[in-house]
Amino acid sequence: MKGGIEVRDLTMRRGDRVVLRDVSFVVPRGKVLALVGASGAGKSTLLRCLNRLAEPESGTIELDGDDIRHVAPELLRRRVALVAQAPAMLPGSVEENLAYALDVLRAETRDAALAAAGLDASFLPRPAKALSGGERARVALARALTREPDAILLDEPTAALDPETARVIAQTVAALAQRELAVILATHDHALAESVSDATLRL
Amino acid sequence: MSSSVLQVACGLAFVALAAGLAWRLQLGLSREILIAAARAIVQLTAVGALIALVFKYDLLAIAFVAGMVTTAAVTSGGRIKGIPQARARAIAAIGIPAVGAAGILIGVGAFAATPEAAIPTAGILIGGAMTACTLTGRRLLEGLTADEDVIEARLSLGDRIRTALAPTVRQAIKTGLVPAIDQTRNVGIVTLPGTFVGLVLGGASPAEAARIQLTVLLTLLAVELLAATAIAELIVRTRIAPGERLREDVADVRR
């Protein structure tokens, strides 16, 4: 593998319930994997395991050949960026959200992230908490991209969006892989999965 | 009707008014108000009978202060639901700063090392610490639930867990300190606190009463901040899991 995410025999349990059982897959850089399944199938849990917001019971996850348990969590989460289903905006402007937790955010990185998420510089001074659902989804995507990650995890990126915004997000997802990112997309929308992914994993 | 009976009757009438109003407004607090009033009657009657004895024997005075800390912790811990060993954590958060500060005040000679001085001083500090502990704890637990998405967003953007939790913790501590700050800011204008009134009624000069009250109030600010910070830390520790993340049973069970 030239780099990307490799998951082997991942099992996750909550109490007596097995949420994920022996899940294995590979997502090379430049490819999109769609995780498809009904609500409660474990898609979000799997994404959270990939950036260590959750710890699996067993199994291994590698990023570019390195076991993620050997990477400091705060650094891993910048390399494996998660965009939540209903992304929380932090206090302040869109620009402050994009620069959050970064020592320096270069203008070209910021503008590239905005463009990749289908936004422009006019959004920068707007209060992030006042944005619509679709705008939040795009700002959250741009915010994740300002970390310059190696992989990006998208949890139901088009849920609760109008069809036009969902189409823009879908195009953005497809374009992300062109940036040599490993992209993992969790969705219950089979049409979206088929239109943007290189492979599908049913949970 | 004698004046003492009239005094108690007036107090009871106000409690009945409060309970009636709470019932009318459907606040669900009538029972709690009546129980609190009944406890106050029993406790103050018992203290009135015991206090002479407690003032006479040092060991009894120490036991009395220990009882005050325990009662404050049971009260505060009962208000902070959802963390393991809440009462034990409240004992540490209330007892260490309050008793420690009372010991320092007595040690440096600000107050006489007698049960008559130590018990009221410790009582005021323990009471203040209890309020700060309860308010901070409740606000923090509410905040950790309400801010969970924001905390995880901060983690996902590369914050360490302590950094991600800091705004929620700070807000809770600020809330816990509001009564102490307001009390200190308005003392003498809006309120005449217990120490001052008690000393004046006991025959001290107003100037002396004001000096002692000032010492207690200023100490109380530090004690309440320490109590608020301590309970916040003790709650946060129950929420953090190894790997710079929220504990799974808090963050993940709803997913």
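Chains as they are written, first to last, in our numbering: chain A, 2 to 204; chain B, 7 to 261. Beta carbons: idealized from backbone N, C-alpha and C, even for Gly. Everything numeric in this text was worked out from a predicted model, so none of it was measured.
Name the residue from the options whose alpha carbon lies nearest to the alpha carbon of residue i.
{"i": "A:ARG30", "options": "A:LYS44, A:THR46, A:ALA178, A:GLU157", "result": "A:ALA178"}
{"i": "B:ARG85", "options": "B:ILE57, B:ALA55, B:ARG145", "result": "B:ARG145"}
{"i": "B:VAL80", "options": "B:GLU254, B:ILE218, B:MET136", "result": "B:MET136"}
{"i": "A:LEU132", "options": "A:ALA192, A:ASP156, A:PRO88, A:ARG22", "result": "A:PRO88"}
{"i": "B:LEU163", "options": "A:ALA160, A:ALA167, A:LEU142", "result": "A:LEU142"}
{"i": "A:GLY119", "options": "A:VAL174, A:ASP190, A:VAL27", "result": "A:VAL174"}
{"i": "B:LEU23", "options": "B:LEU40, B:SER8, B:SER9", "result": "B:LEU40"}
{"i": "B:VAL175", "options": "B:ALA108, B:ARG243, B:ALA52", "result": "B:ARG243"}
{"i": "A:ALA114", "options": "A:VAL169, A:PRO92, A:ARG139, A:ARG203", "result": "A:ARG139"}
{"i": "A:ARG107", "options": "A:ALA73, A:GLU149, A:HIS71, A:PRO126", "result": "A:GLU149"}
{"i": "B:THR221", "options": "B:ASP155, B:VAL114, B:GLY149", "result": "B:VAL114"}
{"i": "A:VAL28", "options": "A:VAL197, A:ALA192, A:ARG203, A:VAL184", "result": "A:VAL184"}
{"i": "B:ALA186", "options": "B:SER8, B:LEU223, B:LEU147", "result": "B:LEU223"}
{"i": "B:ALA247", "options": "B:ARG168, B:ARG191, B:ASN192", "result": "B:ARG168"}
{"i": "B:PRO121", "options": "B:ARG93, B:LEU65, B:GLY54", "result": "B:LEU65"}
{"i": "A:GLY1", "options": "A:LYS32, A:ALA73, A:LYS130, A:VAL72", "result": "In the structure as shown, chain A begins at 2 and stops at 204. Residue 1 of chain A is therefore absent and cannot be evaluated."}
{"i": "B:ARG88", "options": "B:LEU147, B:VAL21, B:SER10, B:ILE47", "result": "Rather than Arg, the amino acid found at residue 88 of chain B in this sequence is Gly. The option with the nearest alpha carbon to B:GLY88 is B:LEU147."}
{"i": "B:LEU1", "options": "B:PRO199, B:LEU150, B:GLN13, B:SER10", "result": "One cannot answer for residue 1 of chain B here, as it falls past the ends of chain B, which runs 7 to 261."}
{"i": "B:VAL53", "options": "B:GLN91, B:ILE125, B:ALA94, B:ALA42", "result": "B:ILE125"}
{"i": "A:PRO126", "options": "A:ARG111, A:VAL95, A:GLU109", "result": "A:VAL95"}
{"i": "A:GLU181", "options": "A:ARG168, A:PRO74, A:ASP10, A:ASP65", "result": "A:ASP65"}
{"i": "A:LEU186", "options": "A:GLY4, A:ARG49, A:ARG9, A:PRO128", "result": "A:ARG49"}
{"i": "B:THR201", "options": "B:GLN219, B:LEU207, B:GLY208", "result": "B:GLN219"}
{"i": "B:ILE179", "options": "B:VAL21, B:LEU240, B:THR142, B:LYS62", "result": "B:THR142"}
{"i": "A:MET90", "options": "A:ALA167, A:GLY41, A:PRO128, A:LYS44", "result": "A:PRO128"}
{"i": "B:ALA46", "options": "B:SER211, B:GLU239, B:VAL21", "result": "B:VAL21"}
{"i": "A:ALA152", "options": "A:ILE69, A:GLY43, A:ALA42, A:ARG9", "result": "A:ILE69"}
Would you list the one or two residues that DSSP bridges to residue i?
{"i": "A:PHE26", "result": "A:VAL8"}
{"i": "A:SER59", "result": "A:THR12"}
{"i": "B:ILE246", "result": "B:LEU252"}
{"i": "A:ARG139", "result": "Note: A:ARG139 sits in no beta bridge, so no partner."}
{"i": "A:VAL33", "result": "A:VAL184"}
{"i": "A:PRO128", "result": "A:SER94"}
{"i": "A:ASP156", "result": "A:ALA187"}
{"i": "A:ALA203", "result": "In the sequence as presented, Ala is not what sits at residue 203 of chain A; that position holds Arg. Note: A:ARG203 sits in a beta bridge opposite A:VAL37."}
{"i": "A:ARG18", "result": "A:ARG15"}
{"i": "A:LEU64", "result": "A:ILE6, A:ASP67"}
If I measure Cβ to Cβ from residue i and keep anything under 7 Å in the same chain, skipping five residues before and after, which residues do I get?
{"i": "B:SER36", "result": "ALA25, ALA28, TRP29"}
{"i": "A:ASN52", "result": "LEU77, ARG78, VAL81, LEU83, LEU154"}
{"i": "B:ALA170", "result": "ILE157, ARG160, LEU161"}
{"i": "A:THR46", "result": "MET13, VAL20, LEU21, ALA55"}
{"i": "B:ASP188", "result": "none"}
{"i": "B:VAL229", "result": "PRO103, ALA104, ALA107, LEU131, GLY134, ALA135"}
{"i": "B:ILE100", "result": "VAL75, ALA78, ALA79, SER82, ILE132, ALA135, MET136, CYS139, ALA233"}
{"i": "B:LEU332", "result": "In the structure as shown, chain B begins at 7 and stops at 261. Residue 332 of chain B is therefore absent and cannot be evaluated."}
{"i": "B:ASP258", "result": "Confidence at B:ASP258 is low in this model, with a pLDDT of 43, below 50, so the placement of that residue is unreliable and no value is reported for it."}
{"i": "A:LEU162", "result": "GLY134, GLY135, ALA138, ILE170"}
{"i": "A:ALA39", "result": "HIS189"}
{"i": "A:HIS191", "result": "VAL37"}
{"i": "A:THR110", "result": "THR147, GLU149"}
{"i": "B:VAL206", "result": "PRO212, ALA215"}
Within its chain, find whatever has a CB closer than 6 Å to the CB of residue i; leave out the 5 residues flanking it on each side and keep chain order.
{"i": "B:THR140", "result": "SER82, ARG85"}
{"i": "A:LEU194", "result": "Note that residue 194 of chain A is Ala in the sequence shown, not Leu. If we look at A:ALA194 and ignore the five residues flanking it on each side, its Cβ neighbours are ALA35, VAL37, THR188, THR201."}
{"i": "A:GLU97", "result": "none"}
{"i": "B:ALA236", "result": "ALA99"}
{"i": "B:ARG253", "result": "ARG245, ALA247"}
{"i": "B:PHE117", "result": "LEU111, ALA123, THR127"}
Excluding the five sequence neighbours on either side, which residues of its own chain have a C-beta within less than 8 Å of the C-beta of residue i, listed in chain order?
{"i": "A:THR12", "result": "VAL19, LEU21, ARG22, ASP23, VAL24, PRO57, GLU58, SER59, GLY60"}
{"i": "B:ARG166", "result": "GLU250"}
{"i": "B:ARG260", "result": "Note that B:ARG260 has pLDDT 43, beneath the 50 cutoff, so the model's placement of it is unreliable and the number below is only indicative. Here the set comprises nothing."}
{"i": "B:VAL256", "result": "Per-residue confidence for B:VAL256 stands at a pLDDT of 48, beneath the threshold of 50, marking its modelled position as unreliable; no derived number is given."}
{"i": "A:ALA176", "result": "ALA117"}
For the ligand NAD, I want to know if residue i counts as a neighbour, meaning its beta carbon is within less than 7 Å of at least one of the ligand's heavy atoms.
{"i": "B:PRO212", "result": "The ligand content of the structure shown is nil, which means the ligand NAD is not present either."}
Item to check | Given 8 Å, three or more beta-carbon pairs between the stretch 52-72 of chain B and the stretch 119-133 of chain B | outcome: yes
Next on the checklist: Check whether the stretch 208-228 of chain B and the stretch 7-23 of chain A touch, using three or more Cβ-Cβ pairs below 8 Å as the test.
Outcome noted: no
Next on the checklist: Three Cβ pairs or more, each shorter than 8 Å: is that satisfied between the stretch 149-169 of chain B and the stretch 100-112 of chain A?
Outcome noted: yes
Next on the checklist: In chain order, what are the residue ranges of uninterrupted beta strand (DSSP E) at least 3 long that sit wholly in the stretch 67-126 of chain A?
Outcome noted: 81-84
Next on the checklist: Taking 8 Å as the cut-off, does the stretch 109-118 of chain A touch the stretch 142-151 of chain A (at least 3 CB pairs, one atom from each stretch)?
Outcome noted: yes
Checklist entry - Which runs of the alpha helix (DSSP H) fall wholly inside the stretch 131-179 of chain B and span at least 4 residues, in chain order? => result 154-162
Checklist entry - If you scan the stretch 180-233 of chain B from start to end, which runs of the beta strand (DSSP E) of 3 or more residues do you find wholly inside it? => result none
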